[in-house]
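Trainee:
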Amino acid sequence: MQLRSAGLTALLMALSLTGATAQEQRTPTPYGVLYNEWKAEVNALDDVVPELSRPEKRGKKRGINNRYTPRFLDLAKEHLNDDLWLDCLIWTSVEGVPGEAFDEMFDVLGQTAKVVRNTTQLQLLMSEFINLESERINPALSVIVESHANAGVRGAALYALAARTRRHAEEHGDVEGCATAERLLERVIAEYPEVSTYRGENRENATELLREMRSPVAITRIAPSTQGKTILGEDFDLSEVIRGKVAVISFSGHWCGPCVAMHPIQKEIISKFPGESVVVIEMNSDTLDSLETVRGKIESEGLGWIVVTDGSDGPAAKQWKIKSWPTYFVLDSEGRIRHRVSGNCGRQLITWVEELLPKSE
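Going left to right, the sequence shown walks through residues -22 to -1, 1 to 339 as mature numbering (1 follows the signal peptide of the UniProt record, and there is no 0) numbers them.
1. For a quick check, are the C-beta atoms of Ala58 and Thr90 less than 8 Å apart?
2. Select from Lys301, His232, Val238 and Thr208 the residue whose C-alpha is nearest the C-alpha of Ile259.
3. Using the three-state DSSP reduction, which class does Lys337 fall into: helix, strand or coil?
4. Counting only runs that start and end within the region 273 to 303, where is the beta strand (DSSP E) found for 3 or more residues in a row?
5. Have a look at the DSSP bridge pairing and note the partners of residue 345.
6. Buried or exposed: which applies to Ile227, given that a residue is buried once 16 or more other Cβ atoms fall within 10 Å of its Cβ?
7. Tell me the rounded alpha-carbon separation between Ala134 and Asn44.
8. Give the DSSP-derived three-state secondary structure of Met191 in the structure shown.
9. Let me know the alpha helix (DSSP H) ranges lying completely inside the region 117 to 184, each 4 residues or longer, listed in chain order.
10. For Ser230, count neighbouring C-beta atoms within 10 Å of its own C-beta (all shown protein chains included) and say buried if the count is 16 or more, exposed if not.
11. Classify Leu327 as buried or exposed, calling it buried when 16 or more other Cβ atoms lie within 10 Å of its own Cβ.
12. From Thr204 to Trp233, what distance separates their C-alpha atoms?
13. In whole angstroms, what is the alpha-carbon distance linking Glu111 and Pro76?
14. What does the alpha-carbon distance come out to for the pair Pro8 and Leu23?
15. If you count every other CB in all the chains shown that lies within 10 Å of the CB of Ser320, and 16 or more means buried, which is it?
16. Just to confirm before moving on: does the CB-CB distance between residue 357 and Leu334 stay below 8 Å?
17. Determine the burial state of Gly211: buried for a count of at least 16 other Cβ atoms within 10 Å of its Cβ, exposed for fewer.
18. Find the nearest neighbour of Thr198 within the set Thr265, Ala157 and Leu100, judged by alpha-carbon distance.
19. Counting beta carbon pairs with one atom in the region 276 to 286 and one in the region 241 to 252, are three or more of them shorter than 8 Å?
20. Can you list, in chain order, the stretches of the alpha helix (DSSP H) that have 4 or more residues and sit fully within the region 33 to 120?
21. Is it true that the CB of Pro236 sits closer than 8 Å to the CB of Asn322?
22. Taking Arg181 as the reference, which of Arg114, Arg192 and Glu169 has the closest Cα?
23. If you run the structure through DSSP and keep just helix, strand and coil, what is Asn21?
24. Nearest by alpha-carbon distance to Gly10: which of Val72, Arg314, Glu56 and Cys66 is it?
25. My output table needs one value for residue 389: the three-state DSSP class, helix, strand or coil.
26. Whose C-beta lies closer than 7 Å to the C-beta of Ser255 among residues of the same chain, with five residues either side of it excluded?
27. Return the first residue and the last residue of the beta strand (DSSP E) that Ser228 is part of.
28. Would you say Ser268 and Trp303 are within 8 Å of each other, going by their C-beta atoms?
29. First and last residue of the beta strand (DSSP E) that includes Ile197?
In structure tokens:
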């Protein structure tokens, strides 16, 4: 799942104009020309097909962005000796669609970051790479950490590398990867505590990540005792429900598009695996006044998992340190947390469940 800061999104539009005088301010840069062309196509979705649903618009916008991602890469390659390539990188970080062109933009980052003039902008941008999907980002960050002349850029890159390492390790249940992430975060605090990005100061951010990685809901920990009420008004005790079963715990809500998009996957898990071996639990974050509507959807759509009402800031969400929805935990049959992932993880969720079940003879 790609998360954006408000500052970076606002910067996209500002970058489309440059110059010191009023006349220059009205003259788009080459980046501005391409940005305005892209923006016109996106805006036209509302004018041409205003009746489209939000998911349909997201799909059509993704198609537009997929066409423009290689074009922003080509423009970046034409401007490796000035900072316009950095503007293209910012667009790619916010709007780009994963693929070869998306990956190659981060090759450009690793090769060109050392000659960038606007080091402040590059430093602020680094934390936006944390949730992006590309295997080429970590190598680029590693090069910057070890060789960039600017300490602020190095420190921001190190934090991004540490946070990406932590995210990947928790998703895949990689204990050694978690240990590596902890060491990187400790290095961030020791060497670059005061470096800041769009997401805040390194010391505060790295300390919070370390606290989460060492908390009772960290990878390899036994799931903590959690009680509540189901949407049907019944008492819920997590330890009783998951005993002896592989468990999928979904912190989600029917207000959340990526959460709803995972419902077919959760339904497949229920239909594919026997109830005595696997259980799916939704810690629901919908508001109390919308629960009647949620009950109707559960019935009409055949959502057969356990739904526990918690609210967006309820006790379970706080206990499990939830900051975004959906967030999934996958537990083995001993109740040990084996995977944690935020966002739409697709069919990977099914694979993780399969891997934790006993192999048939």
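Beta carbons: idealized from backbone N, C-alpha and C, even for Gly. Everything numeric in this text was worked out from a predicted model, so none of it was measured.
Mentor: Answer, in terms of the structure:
1. As a first step, residue 58 is located in the sequence shown; it is residue number 80 there, counting from the start. As a first step, residue 90 is located in the sequence shown; it is residue number 112 there, counting from the start. The question names Ala, yet the displayed sequence has Leu at residue 58. Result yes, Cβ atoms of Leu58 and Thr90 sit closer than 8 Å.
2. Stepping through the sequence shown from its first residue, residue 259 is reached at position 281. When each option's Cα is compared against that of Ile259, the closest is Thr208.
3. Numbered from 1 along the sequence shown, position 359 holds the residue referred to as residue 337. Residue state, collapsed to three classes: coil.
4. 284 to 287
5. Outside the modelled stretch of the chain, which goes from -22 to 339, sits residue 345, for which no answer is possible.
6. Start at 1 with the first residue of the sequence shown, and residue 227 comes out as number 249. Ile227 is buried by the Cβ-count criterion.
7. For the purposes of this step, residue 134 is identified with residue 156 of the sequence shown, where counting begins at 1. For the purposes of this step, residue 44 is identified with residue 66 of the sequence shown, where counting begins at 1. Each residue's Cα considered, the two are about 28 Å apart.
8. On the sequence shown, residue 191 is found 213 positions in, with the first residue counted as 1. Helix.
9. 129 to 150 and 153 to 169
10. As a working mapping, residue 230 is identified with position 252 in the sequence shown. Under this definition Ser230 is a buried residue.
11. Within the sequence shown, numbered from 1, the residue matching residue 327 stands at position 349. Per the 10 Å Cβ criterion, buried.
12. Position 226 of the sequence shown, counted from the first residue, corresponds to residue 204. Position 255 of the sequence shown, counted from the first residue, corresponds to residue 233. Approximately 23 Å between the Cα atoms of the pair.
13. Within the sequence shown, the letter at position 133 stands for residue 111. Within the sequence shown, the letter at position 98 stands for residue 76. Computed Cα separation, rounded: 7 Å.
14. In the sequence shown, the residue the question calls residue 8 occupies position 30. In the sequence shown, the residue the question calls residue 23 occupies position 45. So the alpha carbons of these two residues sit roughly 24 Å apart.
15. The residue given as residue 320 occupies position 342 in the sequence shown. So Ser320 ends up on the buried side.
16. Since the first and last residues shown for the chain are -22 and 339, residue 357 lies out of range.
17. Translated into the one-based positions of the sequence shown, residue 211 becomes position 233. Classification for Gly211: exposed.
18. As a first step, residue 198 is located in the sequence shown; it is residue number 220 there, counting from the start. It is Ala157 whose Cα lies nearest to the Cα of Thr198.
19. Three or more pairs of CB atoms, one per stretch, sit closer than 8 Å, so the region 241 to 252 contacts the region 276 to 286.
20. Unbroken alpha helix (DSSP H) stretches of 4 residues or longer found wholly inside the region 33 to 120: 62 to 73, 78 to 90 and 97 to 103, given in chain order.
21. Stepping through the sequence shown from its first residue, residue 322 is reached at position 344. Stepping through the sequence shown from its first residue, residue 236 is reached at position 258. In contact: Asn322 and Pro236 (Cβ atoms closer than 8 Å).
22. Start at 1 with the first residue of the sequence shown, and residue 181 comes out as number 203. Selected option, being the one with the closest Cα: Glu169.
23. On the sequence shown, residue 21 is found 43 positions in, with the first residue counted as 1. The answer is helix: DSSP assigns Asn21 an H, G or I state.
24. Counted from its first residue, the sequence shown places residue 10 at position 32. Closest option to Gly10, Cα to Cα, is Cys66.
25. Nothing can be reported for residue 389, as the shown portion of the chain is limited to -22 through 339.
26. Sequence index remark: in the sequence shown, residue 255 carries index 277 (1-based). Lys223, Val224 and Leu335.
27. Counting from one through the sequence shown, the residue named residue 228 turns up at place 250. Here the beta strand (DSSP E) through Ser228 covers Val224 to Ser230.
28. Walking along the sequence shown from the start, residue 268 turns up at place 290. Walking along the sequence shown from the start, residue 303 turns up at place 325. Cβ atoms of Ser268 and Trp303: not closer than 8 Å.
29. Here residue 197 is taken as the residue at index 219 of the sequence shown, counted from 1. No beta strand (DSSP E) holds Ile197; DSSP gives it neither H nor E.
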